[in-house]
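Each remark here refers to the structure printed beneath this line.
Protein chains: 2
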Amino acid sequence: YPDVPVILDAKRGDIGSTSAAYATAAFDVCGADAITLQPYLGYDAIAPFIERADRGMFIVCRTSNQGSDEVQGLFAARAPEPTGNVRDPDDPTAPEPLYLQVARLVARDWNHAGNCGLVVGATYPEELGAVRALVGDMPILVPGVGVQGGDLEGVVRLGLDSLHTGLLISLSRSVLYASADHDFAYAARREVMRVAEEVERYRR
Amino acid sequence: YPDVPVILDAKRGDIGSTSAAYATAAFDVCGADAITLQPYLGYDAIAPFIERADRGMFIVCRTSNQGSDEVQGLFAARAPEPTGNVRDPDDPTAPEPLYLQVARLVARDWNHAGNCGLVVGATYPEELGAVRALVGDMPILVPGVGVQGGDLEGVVRLGLDSLHTGLLISLSRSVLYASADHDFAYAARREVMRVAEEVERYRR
Numbered sequence: 007y008p009d010v011p012v013i014l015d016a017k018r019g020d021i022g023s024t025s026a027a028y029a030t031a032a033f034d035v036c037g038a039d040a041i042t043l044q045p046y047l048g049y050d051a052i053a054p055f056i057e058r059a060d061r062g063m064f065i066v067c068r069t070s071n072q073g074s075d076e077v078q079g080l081f082a083a084r085a086p087e088p089t090g091n092v093r094d095p096d097d098p099t100a101p102e103p104l105y106l107q108v109a110r111l112v113a114r115d116w117n118h119a120g121n122c123g124l125v126v127g128a129t130y131p132e133e134l135g136a137v138r139a140l141v142g143d144m145p146i147l148v149p150g151v152g153v154q155g156g157d158l159e160g161v162v163r164l165g166l167d168s169l170h171t172g173l174l175i176s177l178s179r180s181v182l183y184a185s186a187d188h189d190f191a192y193a194a195r196r197e198v199m200r201v202a203e204e205v206e207r208y209r210r
Numbered sequence: 007y008p009d010v011p012v013i014l015d016a017k018r019g020d021i022g023s024t025s026a027a028y029a030t031a032a033f034d035v036c037g038a039d040a041i042t043l044q045p046y047l048g049y050d051a052i053a054p055f056i057e058r059a060d061r062g063m064f065i066v067c068r069t070s071n072q073g074s075d076e077v078q079g080l081f082a083a084r085a086p087e088p089t090g091n092v093r094d095p096d097d098p099t100a101p102e103p104l105y106l107q108v109a110r111l112v113a114r115d116w117n118h119a120g121n122c123g124l125v126v127g128a129t130y131p132e133e134l135g136a137v138r139a140l141v142g143d144m145p146i147l148v149p150g151v152g153v154q155g156g157d158l159e160g161v162v163r164l165g166l167d168s169l170h171t172g173l174l175i176s177l178s179r180s181v182l183y184a185s186a187d188h189d190f191a192y193a194a195r196r197e198v199m200r201v202a203e204e205v206e207r208y209r210r
């Protein structure tokens with residue numbers, strides 16, 4: 007199925023020399039078209055991936071797990087103001103949740119090759135909307151719709167780009183484990199079709 | 007060499023169900039004694055590792071790469087103050103660099119089983135000192151001394167714990183590639199001995 011893009015959800019993030027080896031492993035050994043990456047080490051850790059202009063990457067921004075707020079929700083700013091961090095809503099360097107700072111970094115500084123996207127979990131549709139407002143038509147990979155109980159209607163309502171597309175809504179366990187019986191292929195297909203129809207309904 | 011602890015520098019970080027599989031892979035399949043982990047997803051992503059009380063983990067705090075300041079150096083606070091983020095140096099929730107907030111989270115909230123350490127690069131000895139001041143005698147894994155040009159004297163001077171130990175100073179490329187010739191084993195040993203002697207000198 008050469009027309010089906012393969013995204014390796016490996017969440018890699020390491021210093022440059024190791025990232026270069028991970029990029030080779032993902033793109034050349036595994037043959038993936040795209041990979042998910044961690045933002046914590048900064049741009050130079052993802053540069054070896056970005057240099058592969060024919061491949062894509064989704065940088066972890068706001069994850070779908072219950073405790074993701076603990077670090078990603080910290081209020082972060084580029085530097086302390088000399089007079090203290092008095093928040094100015096019009097100042098893009100004013101403190102805002104870390105995941106929005108990461109979205110801003112990727113959209114403004116890292117995506118010069120146009121091959122970056124973001125990962126934003128379906129369990130936080132309002133925050134997906136805030137990320138979408140920051141990053142324009144960048145593709146967003148959205149896990150967490152199935153077993154994790156994400157809000158599909160909210161995701162579609164708040165996450166679509168200006169062309170009414172731009173979301174890669176992924177289903178993992180709800181499809182992989184749709185049935186433990188001999189009908190698993192049919193059950194998996196049914197689950198995909200069910201969600202796809204629901205997405206189309208919300209798009210209209 | 008069963009007495010040599012093996013630390014898998016895999017920098018894993020994923021939602022709970024995937025982390026549980028990574029923990030099995032690292033500890034049971036690869037037989038590692040400890041692993042490095044990403045903090046970005048929060049506590050529940052590392053819980054499956056922490057539950058393995060007989061194994062250890064080093065959570066990436068301040069990395070040795072040149073661009074690590076971009077995200078890790080963002081000023082972060084637990085929540086915005088209602089009157090704006092006016093910084094109070096005595097307030098532990100006041101904005102401080104993200105890597106210090108991560109060190110604080112690990113030391114205060116995550117390390118209930120006593121099997122957590124941190125990764126702090128040798129290229130930032132002052133910041134290693136700031137982390138040490140926060141986390142007490144927690145072990146700190148320090149990469150970046152060899153090829154990356156970290157400041158070994160500063161690391162030892164500012165990073166030791168109250169027992170004058172607590173640092174795992176790692177050398178990777180400078181030992182692995184100490185020689186491309188047939189004497190590589192001797193050259194690798196020489197490099198390790200050279201750095202070990204230097205560490206002992208600074209400890210005195």
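Protein sequence lines correspond, in order, to chains F and Y. Each residue of the first sequence is one higher than the one before, counting from 7 in the numbering used here. Each residue of the second sequence is one higher than the one before, counting from 7 in the numbering used here. Note that CB positions come from ideal geometry on N, CA and C, so glycine has one too.
If you count every other CB in all the chains shown that lies within 10 Å of the CB of Thr129/F, and 16 or more means buried, which is it? Residue environment for Thr129/F: buried (at least 16 other C-beta atoms within 10 angstroms of its C-beta).
Closer than 9 Å at the beta carbon, the chain Y residues around Asn121/F: Simply none; closest approach about 18 Å.
Answer yes or no: does any C-beta atom of chain Y fall closer than 7 Å to that of Pro131/F? No, because no Cβ of chain Y sits closer than 7 Å to the Cβ of Pro131/F.
Strictly under 7 Å for the Cβ-Cβ distance: is Asp157/F near chain Y by that measure? No, Asp157/F does not count as interfacial toward chain Y.
Exposure label - Ser25/F; buried when at least 16 CB within 10 Å: By the neighbour-count criterion, in which 16 or more other beta carbons inside 10 Å mark a residue as buried, Ser25/F falls on the buried side.
Going straight from the alpha carbon of Ser178/F to that of Met144/F, what length do you get? Roughly 22 Å separates the two Cα atoms.
So, does the CB of Pro45/Y fall closer than 7 Å to a CB anywhere in chain F? Using a Cβ-Cβ cut-off of 7 Å, Pro45/Y counts as an interface residue toward chain F, since at least one Cβ of chain F sits closer than that to its own.
Step through the CB atoms of chain F and report whether any lies within less than 7 Å of the CB of Ser74/Y. By the rule that beta-carbons nearer than 7 Å mark a contact, Ser74/Y touches chain F.
Completely contained beta strand (DSSP E) runs for the region 96 to 172 of chain Y, where each covers 3 or more residues: Complete beta strand (DSSP E) runs here, min 3: 122 to 126 and 146 to 148.
Express the C-alpha separation of Ala100/F and Arg196/Y in angstroms, rounding to a whole number. Their backbone Cα atoms lie some 50 Å apart in a straight line.
Ordered along the chain, which non-local residues of its own chain (more than five positions away) have a Cβ less than 8 Å from that of Arg209/F? Taking C-beta separations shorter than 8 Å and ignoring five residues to either side along the sequence, the partners of Arg209/F in its chain run Val162, Leu166 and His170, following chain order.
What does the Cβ neighbour count give for Tyr192/F, buried or exposed, with the cut at 16 atoms within 10 Å? Counting the other CB atoms within 10 Å of its CB gives Tyr192/F a total below 16, which places it among the exposed residues.
Rounded to the nearest angstrom, how far is the Cβ of Val148/F from that of Ser176/F, given a contact under 8 Å? Their Cβ separation, rounded to whole angstroms, is 7 Å, which keeps Val148/F and Ser176/F in contact under 8 Å.
Reduced DSSP secondary structure (H/G/I, E/B, other) of Leu43/Y: Correct three-state label for Leu43/Y: strand.
Quick check on DSSP: helix, strand or coil for Leu80/Y? DSSP places Leu80/Y outside both helix and strand once states are collapsed to three, so it counts as coil.
Relative to the C-alpha of Ala109/F, which residue among Val137/F, Ala82/F and Arg84/F is closest? Nearest C-alpha to Ala109/F: Val137/F.
So for Ile13/F, helix, strand or coil by DSSP? DSSP, reduced to helix, strand and coil, places Ile13/F within a strand of the structure shown.
Using a Cβ distance threshold of 8 Å, determine whether the region 74 to 85 of chain Y contacts the region 58 to 67 of chain F, with at least three qualifying pairs required. No, the region 74 to 85 of chain Y is not in contact with the region 58 to 67 of chain F.
At the level of alpha carbons, what is the spacing between Ser23/F and Ser74/Y? Spanning the two alpha carbons is a distance of roughly 14 Å.
Could you tell me the boundaries of the alpha helix (DSSP H) in which Val205/Y lies? Counting along the chain, the unbroken alpha helix (DSSP H) around Val205/Y starts and ends at Phe190 to Arg209.
Does the CB of Thr30/Y have a neighbour CB from chain F at under 7 Å? By this cut-off, Thr30/Y is not an interface position.
Span of the alpha helix (DSSP H) around Phe33/Y: For Phe33/Y, no alpha helix (DSSP H) run applies, since DSSP gives it neither H nor E.
Just tell me which of Val77/Y, Pro8/Y, His118/Y and Asn71/Y has its CA closest to the CA of Ile52/Y. The shortest Cα separation from Ile52/Y among Val77/Y, Pro8/Y, His118/Y and Asn71/Y belongs to His118/Y.
Within the 7 Å Cβ cut-off, does Asn117/Y reach chain F? For Asn117/Y, not one C-beta of chain F is nearer than 7 Å to its own C-beta.
Where the beta strand (DSSP E) containing Arg68/Y begins and where it ends: Here the beta strand (DSSP E) through Arg68/Y covers Gly62 to Arg68.
Does the beta carbon of Val77/Y sit closer than 7 Å to a beta carbon anywhere in chain F? So yes, Val77/Y belongs to the interface.
Within chain Y, the residues that Ile21/F reaches when beta carbons sit closer than 7 Å: Residues of chain Y passing the Cβ test: Thr69, Ser70 and Asn71.
Scan the region 182 to 193 of chain F for residues whose Cβ lies nearer than 7 Å to a Cβ of chain Y and list them as they occur along the chain. So the list is empty, because no residue satisfies the distance condition.
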